[in-house]
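Engineer:
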Amino acid sequence: MFLIRKPTALAINHFRQTQGFLDFSYAAVGATRDTPPPGFVVDHTREQIGVGETTFRRAQEALRNWRQLELGWVSLGTPPPAVKPGETVSVLARVFGLWSLNACRIIYVTQQQTPWPSFGYAYGTLPDHAETGEERFLVEWTPRDDAVYYDILAFSRPHHFLSQVGYPIARRLQRRFARESMAAMRHAVSQAQ
Numbered sequence: 366m367f368l369i370r371k372p373t374a375l376a377i378n379h380f381r382q383t384q385g386f387l388d389f390s391y392a393a394v395g396a397t398r399d400t401p402p403p404g405f406v407v408d409h410t411r412e413q414i415g416v417g418e419t420t421f422r423r424a425q426e427a428l429r430n431w432r433q434l435e436l437g438w439v440s441l442g443t444p445p446p447a448v449k450p451g452e453t454v455s456v457l458a459r460v461f462g463l464w465s466l467n468a469c470r471i472i473y474v475t476q477q478q479t480p481w482p483s484f485g486y487a488y489g490t491l492p493d494h495a496e497t498g499e500e501r502f503l504v505e506w507t508p509r510d511d512a513v514y515y516d517i518l519a520f521s522r523p524h525h526f527l528s529q530v531g532y533p534i535a536r537r538l539q540r541r542f543a544r545e546s547m548a549a550m551r552h553a554v555s556q557a558q
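Sequence positions in the sequence shown follow the working numbering and run 366 to 558.
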């Protein structure tokens with residue numbers, strides 16, 4: 366949903382609740398666990414954000430608190446929902462003077478101890494999202510080299526008319542999001558020290 370004015374908290378909450386009853390806007394729900402489906406553009410960014418178990422714990426906490434979305438031009442539209450399957454999330458973005466309010470639903474949460482510790486979750490788009498697809502956020506700690514990685518995997522394609530017309534801009538914004546989300550996670554794990 367594209368808007369000229371920033372939506373009020375009440376409007377955002379109503380939007381999130383309304384979208385929460387709707388189905389996903391694509392068929393391959395959960396595909397970020399395995400192989401993204403054909404017909405979508407895949408974006409994958411993985412970078413080391415620190416070292417050690419303490420950094421890994423801080424990175425987990427940052428994901429649980431949605432710190433990867435604290436980007437200035439992108440934020441959660443409502444107070445952070447709990448990170449659990451079925452929760453509806455509203456993401457607000459401001460680009461070129463327009464506000465874009467987007468709805469997603471958490472599909473799965475993953476937490477593993479072997480072969481190395483990891484934590485993450487994925488959400489998928491609902492009908493009133495500018496794009497259609499899925500995005501997974503994951504942090505991993507590889508004890509063999511003590512490195513902590515932040516990994517974003519997404520598959521998407523335009524859904525809204527403005528996303529289709531402005532597709533080259535949408536692609537640039539996706540790359541910008543990945544860069545700035547990496548920086549936000551680095552900042553989050555360093556701030557906790």
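We treat Cβ as the ideally placed atom computed from N, Cα and C, and that holds for glycine.
Buried or exposed for Y486, going by 16 or more other Cβ atoms inside 10 Å?
Structural biologist: Position 121 of the sequence shown holds residue 486. With at least 16 other beta carbons inside 10 angstroms of its own, Y486 counts as buried.
Engineer: Where does the unbroken alpha helix (DSSP H) through G417 begin, and where does it stop?
Structural biologist: Sequence index remark: in the sequence shown, residue 417 carries index 52 (1-based). Where G417 is concerned, the enclosing alpha helix (DSSP H) stretches over 417-429.
Engineer: Using 8 Å as the threshold, is the segment 429-439 in touch with the segment 545-553, meaning 3 or more CB pairs across them?
Structural biologist: yes
Engineer: Label P401 either buried or exposed according to how many other C-beta atoms from any shown protein chain fall within 10 Å of its C-beta, with 16 as the threshold for buried.
Structural biologist: As a position in the sequence shown, residue 401 is number 36, starting the count at 1. So P401 counts as buried.
Engineer: Between L457 and A495, is the Cβ-Cβ spacing less than 9 Å?
Structural biologist: Taking the sequence shown and counting its residues from 1, one reaches residue 457 at position 92. Taking the sequence shown and counting its residues from 1, one reaches residue 495 at position 130. No, the pair does not count as a contact, with Cβ atoms beyond the cut-off.
Engineer: Work out the CA separation of R370 and P482 for me, nearest whole Å.
Structural biologist: Taking the sequence shown and counting its residues from 1, one reaches residue 482 at position 117. Taking the sequence shown and counting its residues from 1, one reaches residue 370 at position 5. Near 43 Å, if we compare the C-alpha coordinates of R370 and P482.
Engineer: May I ask which residues mark the beginning and end of the alpha helix (DSSP H) holding S390?
Structural biologist: Here residue 390 refers to the residue found at position 25 when the sequence shown is read from its first residue. No alpha helix (DSSP H) contains S390, which DSSP labels as neither H nor E.
Engineer: Give the straight-line distance between the Cα atoms of V474 and A447, rounded to the nearest whole angstrom.
Structural biologist: The residue given as residue 474 occupies position 109 in the sequence shown. The residue given as residue 447 occupies position 82 in the sequence shown. Their Cα atoms are separated by approximately 11 Å.
Engineer: Is A374 buried or exposed, if buried means 16 or more other CB atoms sit within 10 Å of its CB?
Structural biologist: What you label residue 374 is simply residue 9 of the sequence shown in a count that begins at 1. Label assigned to A374: exposed.
Engineer: So the candidates are P508, R411, R522, P372; which of them puts its Cα closest to the Cα of L640?
Structural biologist: Absent from the structure is residue 640, since the part of the chain shown begins at 366 and ends at 558.
Engineer: Exposed or buried, what is V530 when buried is set at 16 or more other beta-carbons lying within 10 Å of its beta-carbon?
Structural biologist: Along the sequence shown, one-based indexing puts residue 530 at 165. Sixteen is the threshold: since fewer than 16 other Cβ atoms of the shown chains lie within 10 Å of the Cβ of V530, the residue is exposed.
Engineer: Tell me the rounded alpha-carbon separation between W501 and D510.
Structural biologist: Reading the sequence shown from its first residue, position 136 is the one you call residue 501. Reading the sequence shown from its first residue, position 145 is the one you call residue 510. According to the sequence shown, residue 501 is Arg rather than Trp. Distance between R501 and D510, taken at the CA atoms: about 24 Å.
Engineer: For S521, which option in V513, A512, Y488 has the closest C-alpha, if you only look at C-alpha atoms?
Structural biologist: Numbered from 1 along the sequence shown, position 156 holds the residue referred to as residue 521. Among V513, A512, Y488, the Cα nearest to that of S521 belongs to Y488.
Engineer: Helix, strand or coil, according to DSSP, for E435 in the structure here?
Structural biologist: Here residue 435 is taken as the residue at index 70 of the sequence shown, counted from 1. Coil, per DSSP.
Engineer: Please say whether I377 and T443 have beta carbons closer to each other than 9 Å?
Structural biologist: By one-based count along the sequence shown, residue 443 stands at place 78. By one-based count along the sequence shown, residue 377 stands at place 12. In this structure, I377 lies closer than 9 Å to T443 by Cβ.
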